[in-house]
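Under the UniProt record's numbering, read the sequence shown as residues 1 to 122, first letter to last.
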Amino acid sequence: MQTPTNLDFVSIQVIDMKKSEDFYMNTLGFKKGDAPNPHAIVFETGAGSIFAIRTPILDLQNFNEKGAGISLWFKVPDADILFQKLQSGNVPIVKPIEDDPFGRVFILKDPDGYQITIHGEK
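Listed below in structure tokens is the structure:
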């Protein structure tokens with residue numbers, strides 16, 4: 001049996017690629033990677049893993065709560081700065097920023113309703 005050594009690729013299915021691309025790039029500050037794909041947009045994480053948004057494989061309209069039970073965490077240099085920026089915008093904040101064993105942490109919802117956890121460097 002082969003044992004997985006690391007998680008190297010995560011993608012989420014989105015309904016509106018343009019809206020999600022704008023959110024992840026212009027709201028959260030992700031940078032688009034160099035991996036052309038007609039069904040996905042791949043973002044650089046700088047951590048050896050890949051995060052992507054992609055066109056739906058399943059009919060997402062039939063799911064009320066997308067990503068229930070899955071937690072996506074992204075580390076930023078200063079979670080407080082991003083939290084303040086997002087709080088003054090139209091980004092739904094699910095859980096306000098607080099101290100956590102992983103540093104300063106808050107949870108937001110992306111345009112498709114996925115809960116995204118942001119944590120700062122310790």
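C-beta atoms are modelled at their ideal positions from N, C-alpha and C, and glycine is treated no differently.
Around the Cβ of residue i, are there at least 16 other Cβ atoms within 10 angstroms (buried) or fewer (exposed)?
i: Ala-35; result: exposed
i: Phe-9; result: exposed
Among residues of its own chain, excluding the 5 on either side of residue i, which ones have a beta-carbon nearer than 6 angstroms to its beta-carbon?
i: Ser-11; result: Ala-52 and Arg-54
i: Lys-19; result: Pro-111
i: Gly-67; result: Tyr-114
i: Asp-78; result: Gly-120
i: Phe-30; result: Tyr-24 and Phe-43
Using a Cβ-Cβ cutoff of less than 7 angstroms, which residues in the same chain neighbour residue i once the five nearest sequence positions on both sides are dropped?
i: Leu-82; result: Val-76 and Ile-118
i: Val-91; result: Thr-27 and Leu-108
i: Phe-23; result: Asp-110 and Pro-111
i: Lys-95; result: Phe-106 and Ile-107
Work out the CA separation of residue j and residue i for me, nearest whole Å.
i: Ile-93; j: Asn-37; result: 31 angstroms
i: Gly-120; j: Ile-97; result: 10 angstroms
i: Thr-45; j: Ile-116; result: 15 angstroms
i: Gln-61; j: Arg-104; result: 34 angstroms
i: Gln-87; j: His-39; result: 31 angstroms
i: Asp-59; j: Asp-80; result: 36 angstroms
i: Phe-63; j: Gly-89; result: 26 angstroms
i: Asp-99; j: Glu-21; result: 29 angstroms
Per DSSP, residue i is paired with what?
i: Asp-99; result: Arg-104
i: residue 153; result: Given a span of 1 to 122 for the chain in the structure shown, any question on residue 153 remains unanswerable.
i: Val-14; result: The partner list for Val-14 (beta bridge, DSSP) is empty, contrary to what the question assumes.
Pull up the CB-CB distance for residue i and residue j, whole angstroms please, since I reckon it's below 8 angstroms.
i: residue 142; j: Ser-49; result: Lying outside 1 to 122, the shown extent of the chain, residue 142 is not represented and no answer is given.
Take residue i and list the residues in its own chain whose beta-carbon comes closer than 8 angstroms to its own, dropping the five residues that flank it on each side.
i: Gly-33; result: Val-42, Phe-43, Glu-44 and Ile-50
i: Pro-56; result: Gln-13, Val-14 and Ile-15
i: Ser-71; result: Gln-115 and Thr-117
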